[in-house]
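Participant: Shown below is the structure under consideration.
Residue numbers (mature numbering (1 follows the signal peptide of the UniProt record, and there is no 0)): -26 to -1, 1 to 347.
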């Protein structure tokens, strides 16, 4: 009897010890992240329900009809040179080539609306049949896009849509990552990295930009509603175009005001680079950083075990392929869904190399692979 009581007491103590070491989750972040592989949380710019990218396809006869058009296309970016834009450009060019469509211009607005308006005017002089673009500012660029639509140019948008535009009337379709879902995924990754408890800061995009606002909303709502032991104690907005520099200043201010903060969320990979710089300057090598978008620099940091503990990525290559297919729809009069979204891709160090290949359709760069070692 004494041995049985002793065993029961020992078991109870063991259970209490296990419970004490269990993360303080209101939900299980691993289970939540696993479920997100097939979920889309976002709605479109005008509240449209998301259609899956897997449903966008061309039959052999439709592809032949598109090729017979000998059409041309222009790509008008918000800003270029980053991994997201490079992947979009590569995918669009590859898919357009498969459709017999010639890409005659690629522009980079440097995240300046006035430059993008000028880019659109320059591109229109080349008389493209198609423009695929992401508006820097939905209001300031609207008239320039309307001028293109009035000339009969088929417009397909990445992520953002000009103010007042309606799908099927002013443009073909909008294609996006599930940016609200990416925010949700980042929140679960944050909870996983913090074991459900801690103080965090947010570095968000302080602009009227539909998809970055979705990320912010998704992240903040999920933290507040599902992880009560994680407290948001500071927020700083950035405007750009020097997003890394602006984020470094913003994160520096957060770290000065809250020197013992546990983690910072960054709205995409370039601002996350600035957050890491601020952490190094503050001697905070222990700071956890969770960000949206998979770029090479944050991937290298993650591979080395520095700062980046979770990334909620878009799928820019698949997005570009989908955009080019929808442009082809317009050329042959095939009805297109108003809004197409691709599910979020949550990434940790364990899945980094596999995720890079899935997202960019090529192996991880040598720098990333070497950093894993």
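Cβ coordinates follow ideal geometry from the N, Cα and C atoms, glycine included. These numbers come from a predicted model, not from an experiment.
Decide if the stretch 294 to 307 is in contact with the stretch 145 to 160; the criterion is three or more beta carbon pairs, one per stretch, under 8 angstroms apart.
Facilitator: Enough Cβ pairs lie closer than 8 angstroms, so yes.
Participant: Do residue 132 and residue 22 have their C-beta atoms closer together than 8 angstroms?
Facilitator: No, these two residues do not count as a Cβ contact at 8 angstroms.
Participant: Could you give the residue range of the alpha helix (DSSP H) that holds residue 132?
Facilitator: Element bounds for residue 132: not the alpha helix (DSSP H) but the beta strand (DSSP E), 128 to 132.
Participant: Is there contact between the stretch 132 to 141 and the stretch 72 to 80, where contact requires at least three CB pairs shorter than 8 angstroms?
Facilitator: Contact fails: fewer than three Cβ-Cβ distances are below 8 angstroms.
Participant: Report the rounded CA-to-CA distance for residue 337 versus residue 330, giving the unit in angstroms.
Facilitator: When rounded, the distance between both Cα atoms is 7 angstroms.
Participant: What is the DSSP secondary structure of residue -6, reduced to helix, strand or coil?
Facilitator: In this prediction, residue -6 has a pLDDT of 40, which is less than 50 and means its spatial position is unreliable; what the coordinates show is noted afterwards. Three-state DSSP puts residue -6 in a helix.
Participant: Can you have a look at residue 341 and say buried or exposed, based on whether 16 or more other CB atoms are within 10 angstroms of its CB?
Facilitator: Flag for residue 341 reads exposed.
Participant: When the Cα atoms are used, what is the spatial distance from residue 38 to residue 285?
Facilitator: Cα to Cα, residue 38 sits roughly 40 angstroms from residue 285.
Participant: With DSSP as the reference, identify every bridge partner of residue 81, one or two as the case may be.
Facilitator: Answer by DSSP bridge pairing, in chain order: 50.
Participant: Taking DSSP as the reference, what is the three-state secondary structure of residue 344?
Facilitator: Helix at residue 344.
Participant: Assign residue 328 to one of two classes, buried (16 or more other C-beta atoms within 10 Å of its C-beta) or exposed (fewer than that).
Facilitator: Residue 328 should be labelled exposed.
Participant: Considering only C-alpha positions, which residue in the set 183, 67, 237 and 118 is nearest to residue 213?
Facilitator: The shortest C-alpha separation from residue 213 is found at 183.
Participant: State whether the stretch 45 to 57 contacts the stretch 75 to 94, with contact taken as three or more CB pairs (one from each stretch) at a distance under 8 angstroms.
Facilitator: Taking 8 angstroms as the limit for Cβ pairs, the verdict is that the stretch 75 to 94 does touch the stretch 45 to 57.
Participant: Let me know if residue 20 comes out buried or exposed under the rule of 16 or more other beta-carbons within 10 Å of its beta-carbon.
Facilitator: The residue in question, residue 20, is exposed, as its Cβ has fewer than 16 Cβ neighbours within 10 Å.
Participant: If you check the beta carbons only, do residue 287 and residue 321 fall under 8 angstroms apart?
Facilitator: Yes, the Cβ-Cβ distance between residue 287 and residue 321 is below 8 angstroms.
Participant: Can you tell me where the alpha helix (DSSP H) holding residue 329 begins and where it ends?
Facilitator: Element bounds for residue 329: 326 to 334.
Participant: Do you know offhand how far residue 333's Cα is from residue 180's?
Facilitator: Roughly 27 angstroms separates the two Cα atoms.
Participant: Is the Cβ-Cβ distance between residue 14 and residue 155 less than 8 angstroms?
Facilitator: Taking 8 angstroms as the Cβ cut-off, residue 14 and residue 155 qualify as a contacting pair.
Participant: By a C-beta neighbour count over all protein chains shown, 10 Å radius and 16 as the cutoff for buried, is residue 311 buried or exposed?
Facilitator: The residue in question, residue 311, is buried, as its Cβ has 16 or more Cβ neighbours within 10 Å.
Participant: Based on Cα-Cα distance, which residue from 247, 283 and 251 lies nearest to residue 271?
Facilitator: Residue 247 is the option with its Cα nearest to residue 271.
Participant: Taking just the CA atoms, how far does residue 17 sit from residue -5?
Facilitator: Reliability fails at residue -5, whose pLDDT of 44 lies under 50, so the model's placement of it is uncertain and the value that follows must be treated cautiously. C-alpha separation (whole angstroms): 36 angstroms.
Participant: Where residue 195 and residue 244 are concerned, what is the direct C-alpha to C-alpha distance, given to the nearest angstrom?
Facilitator: Whole-angstrom Cα-Cα distance: 23 angstroms.
Participant: Within its chain, find whatever has a CB closer than 6 angstroms to the CB of residue 197; leave out the 5 residues flanking it on each side and keep chain order.
Facilitator: Answer for residue 197: 161 and 204, listed in chain order.
Participant: Starting from the Cα of residue 142, find the closest Cα among 128, 229 and 92 and give me that residue.
Facilitator: The shortest C-alpha separation from residue 142 is found at 128.
Participant: At which residues does the alpha helix (DSSP H) containing residue 414 begin and terminate?
Facilitator: Residue 414 is absent from the model: the chain starts at -26 and stops at 347.
Participant: By the 10 Å Cβ neighbour count, where 16 or more other Cβ atoms means buried, how is residue 231 classified, buried or exposed?
Facilitator: Its Cβ having fewer than 16 others within 10 Å, residue 231 is exposed.
Participant: Residue 202 bridges to which residues according to DSSP?
Facilitator: Bridge partners of residue 202: none, in fact.
Participant: Please state whether the Cβ-Cβ distance between residue 122 and residue 94 is less than 8 angstroms.
Facilitator: In contact: residue 122 and residue 94 (Cβ atoms closer than 8 angstroms).
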